[in-house]
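A.B. asks: Sequential numbering of the sequence shown, starting at 1, is according to full-length UniProt numbering.
Every residue, glycine too, gets a C-beta built ideally from N, C-alpha and C.
Please read these numbers as outputs of a predicted model, since none were measured by experiment.
Have a look at this one before I ask anything.
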Amino acid sequence: MANRTLKESQDVVDQYISQFKEGYFSPLAMLARLTEELGELAREVNHHYGEKPKKSSEDAKTVEEELGDMFFVLICLANSLNIDLDEALSTVMNKFQTRDKDRWTRIDEGERNNG
């Protein structure tokens, strides 16, 4: 599954969802689901990097697993709205590269190669 483009990932998710009569949930339902997954990600980050230890009764999950869940729901939302995530990412990267080009201290080429 590694080394896929966003479009290829969207196609894989679409093939999975299209086998069910229910299809994609409504955008509002998926937004609620994305919010749920964000909460689960926050909980895992807090367990791994914060001060809140996991209860012994809680399932063992990872930050990677929760990010994967969020990514799946995000792809479902994009697919249901016919949004190409490759194009969306290109658009937002262009925005950041234009708007924020002088906002941060750049790493010199020598630092990047030696660091």
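Note down the Cα distance separating Glu87 from Asn46, rounded to an integer number of angstroms.
C.D. replies: In a straight line, the C-alpha of Glu87 is about 33 Å away from that of Asn46.
A.B. asks: Going by DSSP in three states, Glu22 sits in which element: helix, strand or coil?
C.D. replies: In the structure shown, Glu22 sits in coil (DSSP, three-state: anything other than H, G, I, E or B).
A.B. asks: Quick check: what's the CA-CA separation for Met30 versus Asp59?
C.D. replies: Their backbone Cα atoms lie some 24 Å apart in a straight line.
A.B. asks: Below 7 Å CB to CB, which residues in the same chain sit around Thr62 once its five sequence neighbours on both sides are set aside?
C.D. replies: Answer for Thr62: Glu44, listed in chain order.
A.B. asks: Enumerate in chain order the residues of its own chain whose CB-to-CB distance from Glu66 is below 6 Å, with the five nearest sequence positions on each side excluded.
C.D. replies: Excluding positions up to five away in sequence, the list reads Glu40, Leu41, Glu44.
A.B. asks: Go to Asp69, then tell me how far its alpha helix (DSSP H) extends in each direction, as first and last residue.
C.D. replies: Start and end: 63-80.
A.B. asks: Can you grab the Cα-Cα spacing for the pair Leu81 / Pro27, in whole Å?
C.D. replies: If I take the Cα positions, the gap works out to 8 Å.
A.B. asks: Let me check understanding here. Comparing Cα to Cα, which of Asp100, Val73, Ile107 lies closest to Ile17?
C.D. replies: Of Asp100, Val73, Ile107, the residue nearest in Cα terms is Val73.
A.B. asks: Roughly how many angstroms lie between the CA atoms of Tyr49 and Arg106, to the nearest whole one?
C.D. replies: Distance between the alpha carbons of Tyr49 and Arg106 is about 28 Å.
A.B. asks: From which residue to which residue does the alpha helix (DSSP H) around Asp59 run?
C.D. replies: Looking at the DSSP string, Asp59 is not in any alpha helix (DSSP H), and its letter there is neither H nor E.
A.B. asks: Using a 10 Å radius around the Cβ and a threshold of 16 neighbouring Cβ atoms, would you call Ser56 buried or exposed?
C.D. replies: That one is exposed.
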